[in-house]
Structure formats: structure tokens, C-alpha cells
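Colleague: I'd like to ask some things about the structure below.
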Ligand code: XLS
Ligand code: CA
Ligand code: CA
């Protein structure tokens, strides 16, 4: 096992069960424990987000870094990037996490020129490849950072400047190449700057057409090079832009359908983006899943008292239970996984805090998985829901759904069958049942 940057952790975090008081042990996450027909690891497919966990410095918009990591100590940028990868794989191994995700510019430094940036990425990808081989750890997804460089301040694919759109496309081409080289299981598109600040200077239709062209070029390139990872789009309503085009699951699905892209993409749903969109994590998961498009999850949480993307580690068992109900009902995430797109608070300054944070998130989802599995096994919700819609199974309900009757027929039918019965939706009873599984 790699052992250089986290000497305090001398073994892979063990599972000790719920009675354990050891803060460096799992209480619920027991990697190889079977839940139904899969292991916990197979269902949960946890992933570390490289940008927060390895690159985070505790800085926020009011202040610079609050901690400096040992793996960032070299002044040579390539050496620093390699140390960071070494530290990352040590952390993955010690946490017992099988996947990671990155942006091109997290794992490799941006160069003076575009060609130099591509070269840097190639060098680092080689190093990552070696570490993946040594450890068996895999890439859940890669993506391109099309939001930090000021050249993208007015959009990347949706920039009013075609030269910038060309740069963004070339950058994504190279990020897809890197993801393919590392056998990435997915590739994510998050359009941080693909939106607008003011409609006074914006042609929405034009920008959406540009975004569609860009995604079509990506699809064509994927086919051309035989990359068999899943393409994912990650919705978010705003921040950094005032409005982003992929604002939520429903808007993104409509956009994909409108521009004939739906067959080529699934969604990566992030909990914090869902709440920023004014809905809930489970709402966004359910909308994506109902469309057969729930591909992967950015597992974090926001803070309802703060109106921004706080990217905290998930701890709320109710939320993880609801999420796992939806994920289990579609029999897992396929190529996707649960990526902890979450960062330490500015005041959590020690490397060991990274362990506490991930252990907490993993246990919260493992517990949610166990509860959701039991609820599904006992059919408490599914039986109720089935019963609730049963009037569509035969009689007039089935005639409506098969198209055998029209408005005029229903006008006639209702005159003979006036006054439908009002049945209770039993919300409070169901809430109590869910709590009885959680408590
Ligand atoms: C930012 C997003 C971003 C994507 C990947 O809010 O969550 O980190 O997940 O670009
Ligand atoms: Ca995210
Ligand atoms: Ca986020």
C-alpha cells in the first residue's frame, strides 16, 4: 500500500459496525457485504472528487488558502502534479474507494500555450495510468474545466466569440482523449459558464444552437475514436452565471430532445444543484430516473440557510435513503457512481479531516442503501403506489390509456357515472412508515 502523505492512517479504513466508537472506522459501509444481489461497493461505486479533495486549499471568496498540503510543496508544476496524484491514490487506497473523477486542469497544470497544456495533460495521464494499474482504482469520469480561465468568462461553447468556442472544443477533445486513455467509465459536461449574466447582450436561441453543435461534435468524436464511456450532462441553475442553460433535469432533458441529442446523454445529478434549483435532491433524481436518464450522482449537500453551492459532505440519512430508493428502483447506476463532489469547510484544516469527511459520506449512503433495500424488499411503498393507480388497470381507466375513448366518450360516460370517490393519499402514514425504517 502507498504510504507517504497520510502516515497517521496505517491501514485501509476498517468496517467495525455501528457500536464502534472509532472515528476512523466505518459503522455501516462494509464493502463486500451483499445487499440483495450486489455488494455495497457495487451499488454505491463511491468516487473522490479530485478538485476538492486534492486541490482544495480552504479558500473562499472572502479569503485565501487556510491550509497548504504537503503534496503541493514542489515549485515545479509537473512534479507537484505528480506528487498530488501519488497522494490521491494513497488516499483512495486508504479509504477503500474504487473510483475518482477529475477536471483536466485539476490533474495537470495549464501551460503557457494550448499545446503546452495538452502536453502537460499527456504527461500526467501517463502517471495516472501507472497508478491505476498498480492499485486497481478506476476513473469514474473525466471532464474539462471550461470555467476558470478568464477567456471563458462569457461562455465556452456559448461564447459570442467563435475563436473561444473553438478553444473550448479543442480542450474537450483532449479531455475526452485523456478520459479514454484512462478507461474512464463516463465523461461529464457541466456548463458552468454556459448561460448568461444579462439578456441585454444575449441571443439565447443562438447560444443554445452553439451548445447543441458543440455537443454533437463531442458525440461524433466519441464515435470516431471508439470511446465507450457514457456521456453525462450535469444540470445546475446558476453560479457562476446568473442563469445556466442546463438549469435542472427537466430543462436539460428538453434541450437534449429538442436538439436530437437525447440518445447520447444521461444526467449526472448533484444534490446541491437540485436544492439551488429550488427543488429537492430526490425530485431531480426521480425526474431523471423516470426518463431512463439517471446516469450518475454528485453526492453532496447544500445548506438551506445559505443560498449557494456549499458542496458539503452528505450526512443526512433521510436524503440518502430517498436517493437510494430511486437508485435501487432502477437497479443501480450502471456505469455511474456516487461521486463526493464535496469539500472540507475552511476551518477543517488537517489532511485527516479528509478521512473523517469521506467516512461520514460513505456511511451515510451505506445506511441509506440498507434502509432503502429493506423498504423495497417489504414492498411498503410499491404496494401502496400500485394500489393508488389501480383504476387504470381495467374499465374506463384502461380505455383512457389505450386510446379507446375520447373526450366525447368520457363526457357521456361521466354523465352515467357521476361523482368519483375521493381517496386519501395517506401522506402522513407513509412518512411514519419511512421513519420506522430509519429509526
Ligand atoms: C460545480 C460543479 C462541477 C462539476 C464538474 O458546481 O459541481 O464541479 O461537477 O465540472
Ligand atoms: Ca458537481
Ligand atoms: Ca457543486
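In the working numbering, the protein residues as written are -9 to 429. C-beta: ideal position from N, C-alpha, C; glycine also.
Which residues have their C-beta within less than 7 Å of a heavy atom of ligand 3, listed in chain order?
Modeller: Listed along the chain, these residues meet the criterion: 226, 260, 262, 263, 288, 290, 299, 301, 331.
Colleague: Just the Cα atoms here: how many angstroms apart are residue 23 and residue 30?
Modeller: Each residue's Cα considered, the two are about 6 Å apart.
Colleague: Our contact map puts residue 230 next to residue 291 with C-beta atoms below 8 Å; I'd like the distance itself, whole angstroms only.
Modeller: Rounded, the Cβ-Cβ distance is 20 Å, inconsistent with contact.
Colleague: Give a single yes or no on whether residue 180 has its beta carbon closer than 7 Å to a heavy atom of ligand 2.
Modeller: Yes.
Colleague: Taking three-plus beta-carbon pairs below 8 Å as touching, is the stretch 91 to 102 in contact with the stretch 223 to 242?
Modeller: Not touching, per the Cβ criterion.
Colleague: Is the beta carbon of residue 224 within less than 7 Å of some heavy atom of ligand 1?
Modeller: Flag set: Cβ of residue 224 near ligand 1.
Colleague: Does ligand 1 have a heavy atom nearer than 7 Å to the CB of residue 61?
Modeller: No, since every heavy atom of ligand 1 falls outside the 7 Å radius drawn around the Cβ of residue 61.
Colleague: Output the residue ranges of the beta strand (DSSP E) runs that lie fully inside the stretch 182 to 258 and measure 3 residues or longer, sorted by chain position.
Modeller: Correct list: 220 to 223.
Colleague: Please determine, among 398, 267, 318, 352, the residue with the shortest C-alpha to C-alpha distance to residue 298.
Modeller: That would be 267, whose Cα lies nearest to the Cα of residue 298.
Colleague: Could you give the residue range of the beta strand (DSSP E) that holds residue 93?
Modeller: Residue 93 -> beta strand (DSSP E) spans 89 to 93.
Colleague: Just checking residue 233 against ligand 1 - is the residue's beta carbon closer than 7 Å to any of the ligand's heavy atoms?
Modeller: Because no heavy atom of ligand 1 lies under 7 Å away, the Cβ of residue 233 does not count as near it: no.
Colleague: In its own chain, which residues sit with a C-beta less than 6 Å from the C-beta of residue 197, not counting the 5 before and 5 after it?
Modeller: Counting only Cβ-Cβ distances below 6 Å, and skipping sequence neighbours, we find 148.
Colleague: With H, G and I counted as helix, E and B as strand and the rest as coil, what does DSSP make of residue 417?
Modeller: In the structure shown, residue 417 sits in a helix (DSSP, three-state: H, G or I).
Colleague: Taking contact to mean 3 or more Cβ pairs, one atom from each stretch, closer than 8 Å, check whether the stretch 39 to 55 and the stretch 330 to 342 are in contact.
Modeller: Yes, since at least three Cβ pairs between the stretch 39 to 55 and the stretch 330 to 342 fall closer than 8 Å, the two stretches touch.
Colleague: Output yes or no for whether 8 Å exceeds the beta carbon distance between residue 350 and residue 305.
Modeller: Yes.
Colleague: Can you say whether residue 145 is buried or exposed, counting buried as having 16 or more other CB atoms within 10 angstroms of its CB?
Modeller: Under this definition residue 145 is a buried residue.
Colleague: Under 7 Å from any heavy atom of ligand 1, does the C-beta of residue 133 make it?
Modeller: Because some heavy atom of ligand 1 lies under 7 Å away, the Cβ of residue 133 counts as near it: yes.
Colleague: Between residue 200 and the rest of its own chain, which residues show a CB-CB distance below 7 Å, the 5 nearest in sequence each way excluded?
Modeller: Same-chain partners within the cutoff: 147, 148, 155.
Colleague: Could you check where the alpha helix (DSSP H) with residue 265 kicks off and where it finishes?
Modeller: Segment 261 to 266, the alpha helix (DSSP H) holding residue 265.
Colleague: Rounded to the nearest angstrom, how far is the Cβ of residue 161 from that of residue 202, given a contact under 8 Å?
Modeller: Residue 161 to residue 202, Cβ: 18 Å. No contact.
Colleague: Can you name, in chain order, every residue of its own chain whose Cβ lies under 6 Å from the Cβ of residue 178, other than the five neighbours on each side?
Modeller: Once the five neighbours on either side are set aside, the close Cβ partners of residue 178 are 131, 133, 222, 224, 258.
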